[in-house]
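Everything on this sheet refers to the single structure shown next.
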């Protein structure tokens, strides 16, 4: 029994420190601080989805399962779990003859999270969009996950969509020669997951006219556009592509433009565009938006949702950078929660008695 009592006293000594009135009181205060901060983190509301957002999440997930099954059947083997952990059917290969630039696998995997559909709905709310309003989606083939999420969200909201897509893709995007973006969009329309058909395609690549893509790759892209019955712009210069896109926007008059990826015409040639933050942008960003379609649109007072720099987008929106498959809302950084925690800690530190004179 003597040894047991010694053991218990040793445990309490390790936890509470020196057995004095001050040390016991200080350790009690530390325990109270940890308890309050833990309660603050646990109880603060976050991570919820509305009924509309849940519908969009489910529809995107069903579309992904459909594409995954289709891709598995057509290629005779399922994509590996390490490559496509979402089983989305939207992750391409590291390199192919329709690949334009090196891309990040992690970013492509993050873009397949169906939660982005809910984020697009919230951006639409921020823009004040309602059923029947017009938006334009200008995308590259590099992030099919973002593209599908934006389309499903826009159609769920009842928006009228102008879609223009450049067909080249960076690594792990829609760069599978057997499954380029026109085939993905065609199959999703046939299965009823989306209804929007592209107004026209561009080749993508350098100057968005197919420069840098080998002839065999250009032929694959041309045939995929034909199979989707969508015109493919045969431009001879970057400016011609910019003019074609802006001209179509002038006719369509969208209330919002969604820009996905790094299509050359969308970004332009001015390096200033690289300083743009991702997410929802208004005319205040016009002067640093470059000379591409993004800059021209912002200068006209049309807001832009700029989808690039994926990890920055995650930090901004609260979407996880992991690949956990779970239907739960984003958890963005809350300044109010952080402020309360810091305030409580500051008060505690001020009142905390750390020593005593004996």
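Residue numbers (this note's numbering): 19 to 376. From the three backbone atoms N, C-alpha and C, an ideal C-beta is built for every residue, glycine too.
Can you find at least 3 beta carbon pairs, one from the region 91 to 100 and one from the region 67 to 75, that sit closer than 8 Å? By the Cβ criterion, the region 91 to 100 is not in contact with the region 67 to 75, since fewer than three pairs of Cβ atoms, one from each stretch, lie closer than 8 Å.
Stretch pair the region 288 to 297 + the region 306 to 319: three plus CB contacts closer than 8 Å: Yes, the region 288 to 297 touches the region 306 to 319.
Go to residue 262, then tell me how far its alpha helix (DSSP H) extends in each direction, as first and last residue. From DSSP, the alpha helix (DSSP H) with residue 262 extends over 256 to 270.
Is it buried or exposed, residue 288, if we count other Cβ atoms within 10 angstroms and call 16 or more buried? Residue 288 should be labelled exposed.
Please list, in chain order, all residues of the same chain as residue 110 whose beta carbon is under 7 Å from its beta carbon, the five residues on each side excluded. Excluding five sequence positions before and after residue 110, the CB atoms of its chain that fall closer than 7 Å to its own CB belong to 187, 190, 191, 192, 193, 194, given in chain order.
Which whole-angstrom value is the C-beta distance of residue 381 and residue 159, which I expect to be below 8 Å? The first residue shown for the chain is 19 and the last is 376, placing residue 381 beyond what the model contains.
Just grab the DSSP bridge partners of residue 139 for me. None; residue 139 has no bridge partner.
Distance between residue 142 and residue 175 (C-alpha atoms, nearest Å): Between the C-alpha atoms of residue 175 and residue 142 there is a straight-line separation of about 9 Å.
Residues near residue 218 by beta carbon distance below 8 Å, same chain, minus five either side: Once the five neighbours on either side are set aside, the close Cβ partners of residue 218 are 182, 248, 249, 250, 251, 262, 266.
Where residue 315 and residue 94 are concerned, what is the direct C-alpha to C-alpha distance, given to the nearest angstrom? The alpha-carbon of residue 315 is positioned some 44 Å away from that of residue 94.
Taking residue 124 as part of the beta strand (DSSP E), name the residues at either end of that continuous run. Counting along the chain, residue 124 falls outside any beta strand (DSSP E), though it belongs to the alpha helix (DSSP H) covering 123 to 129.
Continuous beta strand (DSSP E) stretch holding residue 297: start and end: Residue 297: member of the beta strand (DSSP E) spanning 297 to 299, first to last residue.
Element boundaries [beta strand (DSSP E), containing residue 277]: Per DSSP, residue 277 belongs to the beta strand (DSSP E) from 274 to 278.
Got a sec? Which residues, its chain only, sit under 6 Å from residue 170 by beta carbon, not counting five neighbours each side? Here residue 170 has 74, 77, 78, 135 as same chain residues with Cβ atoms under 6 Å from its own Cβ, once five neighbours each way along the sequence are excluded.
When you compare only the Cα positions, how much space is there between residue 104 and residue 213? Rounded to the nearest whole angstrom, the CA to CA distance from residue 104 to residue 213 is 23 Å.
Using the Cβ count rule (16 or more neighbours within 10 Å means buried), how would you classify residue 330? Counting Cβ neighbours within 10 Å, residue 330 comes out exposed, since fewer than 16 surround it.
Straight-line gap, residue 279 to residue 119 (C-alpha atoms, nearest Å): Note on geometry: alpha-carbon atoms of residue 279 and residue 119 lie some 12 Å from one another.
Comparing alpha-carbon positions, which option in 178, 254, 127 lies nearest residue 271? The closest CA to that of residue 271, considering only 178, 254, 127, is found on 178.
Supposed contact pair residue 326 and residue 348 - C-beta distance, whole angstroms, cut 8 Å: That belief does not hold up - the Cβ atoms of residue 348 and residue 326 are roughly 18 Å apart, past 8 Å.
Considering only heavy atoms of the ligand MN, does any lie closer than 7 Å to the CB of residue 242? You won't find the ligand MN in this model; it holds no ligand whatsoever.
Quick check for students: name the residue ranges of the beta strand (DSSP E) that lie wholly in the region 286 to 330, counting only runs of 3 or more. If we require 3 residues or more, the beta strand (DSSP E) runs fully inside the region 286 to 330 come out as 297 to 299, 322 to 325.
Would you kindly work out how many angstroms separate the C-alpha atoms of residue 274 and residue 301, rounded to a whole number? A straight-line Cα-Cα distance of about 12 Å links residue 274 and residue 301.
Are residue 123 and residue 82 closer than 8 Å when you measure CB to CB? In this structure, residue 123 keeps its C-beta atom at 8 Å or more from the C-beta atom of residue 82.
Would you kindly report the start and end of the unbroken beta strand (DSSP E) that includes residue 219? In this chain, the beta strand (DSSP E) harbouring residue 219 covers 218 to 220.
Below 7 Å CB to CB, which residues in the same chain sit around residue 145 once its five sequence neighbours on both sides are set aside? Excluding residues within five positions, the ones whose Cβ falls inside 7 Å are 273, 274, 321.
Counting only the same chain and skipping the five closest in sequence on each side, list residues whose C-beta sits under 7 Å from that of residue 282. Taken in chain order, the residues that qualify are 224, 225, 226, 256.
When 220, 338, 254, 253 are compared against residue 239, the one with the closest alpha-carbon: The candidate whose alpha carbon is nearest that of residue 239 is 220.
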